[in-house]
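> Got a structure here, written out as structure tokens. Questions coming.
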Amino acid sequence: MTVPDKPSLDGLEGIWSTRWEADGTYRFDRAHDRAEIFSIDTPPPTVSGSLHMGSVFGYVQTDTIARFQRMRGRAVFYPMGWDDNGLPTERRVQNYFGVRCDPGLPYDPGFEAPSEPPDPPRAIARRNFVELCEGLVVEDEARFEELWRHLGLSVDWSLTYTTIGKASQRSSQRAFLRSITRGEAYQAEAPTLWDVDFRTAVAQAELEDRELPGAYHAVKFHRGDGDAVVIETTRPELLAACVALVAHPDDARYTDLFGTPARTPLFDVEVPIVAHPLADPEKGSGIAMICTFGDLTDVTWWRELELPARPIIDWDGRLKPEPPDAITDPPGRAAYAELAGLTIRQAQRRIVELLRDAGELVGDPERITHAVKFYEKGERPLEIITTRQWYLRNGGRDPVLRAALLASGHALAWHPEHMRARYDSWVEGLNGDWLISRQRFFGVPFPIWYPLDGDGAPDWGAPILAPEARLPVDPSSDAPEGYDEAQRGQPRGFVDDPDVMDTWATSSLTPQLACGWEDDPDLFARTFPMDLRPQGPEIIRTWLFDTVVRAHFEHDVLPWQHVTINGWVLDPDRKKMSKSKGNVITPMNLLERYGSDAVRYWAASGRPGTDTALDEGQMKIGRRLAIKILNASKFALGVGGDVDPTATGDATAPVDRSLLATLAGLADDVTAAFADFDYARALDHTERFFWGFCDDYLELVKQRAYGAEGETGDASARVTLLAALETLLRLFAPHLPFVTEEVWSWWRSGSVHQAAWPDAAALHAAAVDGDPAIVAISTEVLGAVRKAKTQAQRSLRTEVTRLVVGDAAARLAALRLAADDVRAAARLTGELELVETTDPAIEVDLAPDTRG
RNA sequence: GGGCGUUUAGCUCAGCCGGAAGAGCGCCGCCCUUACAAGGCGGAGGUCGCAGGUUCGAGGCCUGCAGCGCCCACCA
């Protein structure tokens, strides 16, 4: 046994993380049955950025659960994944190197990244771009791994996967091909939400609303009789795309007009006036123009009323160069020419001028603020553009599937329970299938080609699928079966599908990726379906839901039994942390300042699913707790010597058995809390007990443990001290892995993290007939003595000349069993008088003050 | 508009099944106590958001309202 003279927390992270790696402490041992394994579907962090305290928060909470399950005897399957696939990485590479991807350029094998980012960015070939992405993510991943190791995550680093890696590409492509075969994936040309800056379609799950200033413009439409119908619109620039006017069927102001034509101002195009219940009589003038497409309601009207399409917005967010065919009137074509090529903002400004000059605008625009749909990573409002895309069914237009997925959500065990409501409201609100194709570059390509006819036109309806044995394929450089590369782009040849999959189309397969689906059937059988999915609340609609969908299709099973949803980290002003607010503190900085155990203490104090303020005060407390563990351990080991902590048969003194009984109760509580995934409650119980143990029990038995009362009592105190210490270290180990391992290493063999979780039943047995009341009343008396000394402004060493305790008979009997320890701890030199009374009171007489 | 959560000491938060309001920080005071002065001991400090109700008894239950946060929604 080697106890340092001056125990310290400094440097424990480096020492122990290195040791754990060398010893394989957290290595998954697959030689267990499924029931003995606990598998965790860890969220793969997005590596193209920096880790923030929000990540630390959630990952620590999960790690405590992993450690508990490991000590409880499960073989814990705890891999880390890196999410390096997708748009965030593209953006980082663009900024970092000053490049942009131009798929039209040929690959340059000798390309080297510019040393300084050029402005404007340099255009490079797709393959060069992807290579830059692949290079940069490797660096990022190394940095992330270092932080996670420093934080003490008990991940098995030999199991790491990446979402852009070959295995992930293979699984993503395989799952997609099977979904085509089963009819779950399909291609359609349809109006889709489109980000004009990223130039890609986006899915419903990636939308967010933002409040934006706008204005109602009252615009006159003309009727044959010379009257005008005034509509109000926030999007006057779409006037040329107008296909109809619509009002509510019951709106008396317009019932006479239904079925009659009107003509657009400026462009003089005839449009019908139609009725539809979605038109809101309360809004504006009660009659609206339907365009191709101003919002999703336009799409609904267009579809349900079977209206023509008249698109004018191009994929780059500018008005198309040529007007719709419907504009035939020369002045109308001239008006459109004023707008062609302008951005949407420019076009809006210009058309308002034209309308005003033509006298078609009624009054001044009325300023309003309204919610507008954005891509969550985007900068300009989304447009709706008709494009050909791949979709995966998700219940958005299939009530049977939707009901099945809702049932899946209910079969899952949610922690906390109420988070299920978010899943329900998302699934119930789905308004279409999942759009999985993206017009981007760094992602998993669709393993698809299209045959070209004699004129070189693709047959979209007859895609050529890659065979599973060839996966992963890159259709932009691999040729399909039965074709030669030379036939690419030639009549009767083929073209590749140029799109990549939505990053969630890969991430939704993390259970399959981690568990070795098809690649390692033995591992898969032992780990899938998984036990736990931990994640944040903001990706219930994406990651969680999509994963349920994929597992439903591919395996007809829930991908996991339990899901834990962590809370947000708020800054001390209770605002959500974000970079733009400049309130991000780097995790490594805090880890170095307070120590990993202290930061973990803060994270593990946050209740499951509860938003928690970033509170350095909590970290200070955590640090103090860790230091206290060092010092209390040093004391216990100093007096306990080489006593075997498992020899609890020597614990014969009633006070000691009392302590063991309380400790057994603690083990019950902590085990129950952890089994219910409530790591915070577990920590709270252990911590509370530990401080009481230090302040009261240690003081109570200190003299006896030093050997002041003969050998029997001495041995009883020592074994109890060490048994309690040993148990407390194990109870703290999931939360404070470094300090507990450090102390464990002073006197025990192996790692505390591979030690067995405390056995409450064994502790109850060791306590025999231990009565918790003995420690309780002794503590109370000791407290009263301290209070008397403190209030007299005397040292705690001051002798007590007389101590009178008035209480009920049963409590006095309990106290009598601890009388010697109480005397010693109180420094009582005179009488201890026990007086039976119904009015409890404690009276303390101190020795005279002999100070100056 | 619908839903979920939340509201307890100056601050950050506990409070399990309804049974005498808690912790830490901060503040004030004291104590060098042979584990710990980067410590220890003690003290002050609360109308448990508001209004009703159930109950012998409510911070926990019921109803309504309000503030805050979030989720969802076809927002011209």
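When you read off a place in the first sequence, starting at 1, and then add 22, the result is the number in the working numbering.
Quick reminder that beta carbons are idealized off the backbone N, C-alpha and C, glycines included.
Note that the structure is predicted; figures quoted are calculated from it, not measured.
#1: Strictly by DSSP, which residues pair up with C123?
#2: Count the other CB atoms within 10 Å of the CB of M93; is the residue buried (16 or more) or exposed (fewer)?
#3: So what does DSSP say about N242, is it helix, strand or coil?
#4: Which whole-angstrom value is the C-beta distance of T634 and F79, which I expect to be below 8 angstroms?
#5: Can you tell me whether T203 is buried or exposed, with buried defined as 16 or more other CB within 10 angstroms of its CB?
#6: Between the beta-carbon of V827 and the beta-carbon of L868, is there less than 7 angstroms?
#7: Measure from the alpha carbon of E156 to the alpha carbon of each residue in Y129, G687, T820 and I186, then state which is nearest.
#8: Within the continuous beta strand (DSSP E) that includes R92, where are the two ends?
#9: One question on the structure: do P473 and I373 come within less than 7 angstroms of each other, judged by their Cβ atoms?
#10: Taking a contact to mean a Cβ-Cβ separation below 7 angstroms, would you say D521 touches W471 in this structure?
#11: Relative to the C-alpha of T632, which candidate in T586, F657 and L613 has its C-alpha closest?
#12: Taking the alpha helix (DSSP H) that D691 falls in, what are its first and last residues?
#13: Give me the residue from G248, Q815 and D664 with the minimum Cα distance to V741.
#14: Whose C-beta lies closer than 7 angstroms to the C-beta of K188 among residues of the same chain, with five residues either side of it excluded?
#15: Is it right to say W713 is buried, meaning 16 or more other beta carbons lie within 10 angstroms of its own, or is it exposed?
#16: Quick one: Cα of P862 to Cα of L681, how far?
#17: For C155, which beta-bridge partners are listed by DSSP?
#18: Using 8 angstroms for Cβ pairs, my map puts A626 next to Y183. What's the rounded Cβ distance?
#19: Out of D272, A755, T749 and V265, state which residue places its alpha-carbon closest to the alpha-carbon of P283.
#20: Taking the C-alpha atoms as reference points, what is the distance between Q640 and H786?
#21: Nearest-angstrom Cα distance between L279 and I295?
#22: Check whether the segment 647–664 touches the segment 783–798, counting contact only when three or more Cβ pairs, one atom from each stretch, lie closer than 8 angstroms.
#23: Is Q226 helix, strand or coil when you go by DSSP?
#24: By Cβ distance below 8 angstroms, which residues in the same chain neighbour P551 in space, the five residues on each side in sequence not counted?
#25: List the DSSP bridge partners of S459.
#26: Tell me the DSSP secondary structure of R824 in three-state form.
#27: Specify whether the segment 446–462 and the segment 211–222 touch according to this definition: at least 3 beta carbon pairs, one from each stretch, less than 8 angstroms apart.
#28: I'd like to know whether the C-beta atoms of L531 and S30 end up nearer to each other than 7 angstroms.
#29: Three or more C-beta pairs closer than 8 angstroms, one from the segment 38–56 and one from the segment 139–154: is that the case here?
#30: Expressed to the nearest angstrom, what Euclidean distance is found between the alpha-carbon atoms of W436 and N588?
#31: Which of the three DSSP states, helix, strand or coil, is assigned to A746?
#32: Closest to R710 by CA distance: which of K724, Q209, L753 and L452 is it?
#33: Quick check on the DSSP output: the alpha helix (DSSP H) that includes D379 runs from which residue to which?
#34: So if DSSP puts M552 in a beta bridge, which residue, or which two residues, is it bridged to?
#35: Can you tell me where the beta strand (DSSP E) with A310 in it begins and where it stops?
#36: For V422, is the classification buried or exposed, using 16 other Cβ atoms within 10 angstroms of its Cβ as the cut-off for buried?
Here's the rundown:
#1: Taking the first sequence and counting its residues from 1, the one referred to as residue 123 is at position 101. Looking at the DSSP assignment, C123 forms a beta bridge with I146.
#2: Taking the first residue of the first sequence as 1, we reach residue 93 at position 71. M93 is buried by the Cβ-count criterion.
#3: Against the first sequence, residue 242 aligns to sequence position 220. The question names Asn, but residue 242 in the sequence shown is Lys. Three-state DSSP puts K242 in a strand.
#4: Here residue 634 corresponds to residue number 612 of the first sequence, with the count starting at 1. Here residue 79 corresponds to residue number 57 of the first sequence, with the count starting at 1. Correct: roughly 7 angstroms between the Cβ atoms.
#5: Within the first sequence, residue 203 is the residue found at index 181, counting from 1. T203 is exposed by the Cβ-count criterion.
#6: As a position in the first sequence, residue 827 is number 805, starting the count at 1. As a position in the first sequence, residue 868 is number 846, starting the count at 1. No; because the gap between Cβ atoms is not below 7 angstroms, this pair is not in contact.
#7: Translated into the one-based positions of the first sequence, residue 156 becomes position 134. Nearest option by C-alpha distance: I186.
#8: Against the first sequence, residue 92 aligns to sequence position 70. R92 -> not in any beta strand (DSSP E); alpha helix (DSSP H) instead, spanning M75 to M93.
#9: Locating residue 473 in the first sequence gives position 451, counting from the first residue. Locating residue 373 in the first sequence gives position 351, counting from the first residue. For P473 and I373, no; Cβs fall outside 7 angstroms.
#10: Reading the first sequence from its first residue, position 499 is the one you call residue 521. Reading the first sequence from its first residue, position 449 is the one you call residue 471. Contact: no.
#11: For the purposes of this step, residue 632 is identified with residue 610 of the first sequence, where counting begins at 1. It is T586 whose Cα lies nearest to the Cα of T632.
#12: Residue numbering aside, residue 691 sits at position 669 when the first sequence is read from its first letter. Its alpha helix (DSSP H) spans residues P676 to A697.
#13: Locating residue 741 in the first sequence gives position 719, where the first residue counts as 1. The residue with the shortest Cα to Cα distance from V741 is D664.
#14: Within the first sequence, the letter at position 166 stands for residue 188. Excluding residues within five positions, the ones whose Cβ falls inside 7 angstroms are P494.
#15: As a working note, residue 713 is residue 691 in the first sequence. Exposed is the call here.
#16: Residue mapping note: residue 862 aligns to position 840 of the first sequence, counting from 1. Residue mapping note: residue 681 aligns to position 659 of the first sequence, counting from 1. So the alpha carbons of these two residues sit roughly 23 angstroms apart.
#17: To locate residue 155, count along the first sequence from 1; it is residue 133. Bridge partners of C155: none, in fact.
#18: Taking the first residue of the first sequence as position 1, residue 626 is located at position 604. Taking the first residue of the first sequence as position 1, residue 183 is located at position 161. Incorrect: roughly 26 angstroms between the Cβ atoms, too far for contact.
#19: Counted from its first residue, the first sequence places residue 283 at position 261. Comparing Cα-Cα distances from P283 to each of D272, A755, T749 and V265, the minimum goes to V265.
#20: Walking along the first sequence from the start, residue 640 turns up at place 618. Walking along the first sequence from the start, residue 786 turns up at place 764. When rounded, the distance between both Cα atoms is 33 angstroms.
#21: Along the first sequence, read from residue 1 onward, the residue named residue 279 stands at position 257. Along the first sequence, read from residue 1 onward, the residue named residue 295 stands at position 273. Answer to the nearest angstrom: the Cα atoms are 6 angstroms apart.
#22: no
#23: Along the first sequence, one-based indexing puts residue 226 at 204. If DSSP states are grouped into helix, strand and coil, Q226 belongs with the helices.
#24: Here residue 551 refers to the residue found at position 529 when the first sequence is read from its first residue. Correct list, in chain order: P533, A573, H577, V579, L580, P581, W582 and Q583.
#25: Working through the first sequence from its first residue, we reach residue 459 at position 437. The partner list for S459 (beta bridge, DSSP) reads M523.
#26: In the first sequence, residue 824 corresponds to position 802, counting from 1. Strand.
#27: yes
#28: Against the first sequence, residue 531 aligns to sequence position 509. Against the first sequence, residue 30 aligns to sequence position 8. The answer is no: Cβ separation not under 7 angstroms.
#29: no
#30: Here residue 436 refers to the residue found at position 414 when the first sequence is read from its first residue. Here residue 588 refers to the residue found at position 566 when the first sequence is read from its first residue. Near 11 angstroms, if we compare the C-alpha coordinates of N588 and W436.
#31: Your numbering for residue 746 matches position 724 in the first sequence. Reduced to three states, the DSSP call for A746 is helix.
#32: Translated into the one-based positions of the first sequence, residue 710 becomes position 688. Of the candidates K724, Q209, L753 and L452, the one whose C-alpha sits nearest the C-alpha of R710 is L753.
#33: Residue 379 sits at position 357 when you count from the first residue of the first sequence. I366 to D379 is the span of the alpha helix (DSSP H), which, as asked, contains D379.
#34: The residue labelled residue 552 in the question sits at position 530 within the first sequence. In DSSP, M552 forms a bridge with W582.
#35: Counting from 1 along the first sequence, the entry for residue 310 is found at position 288. Where A310 is concerned, the enclosing beta strand (DSSP E) stretches over I309 to C313.
#36: The count along the first sequence starts at 1 and reaches residue 422 at position 400. It is exposed - the Cβ of V422 has fewer than 16 other Cβ atoms within 10 Å.
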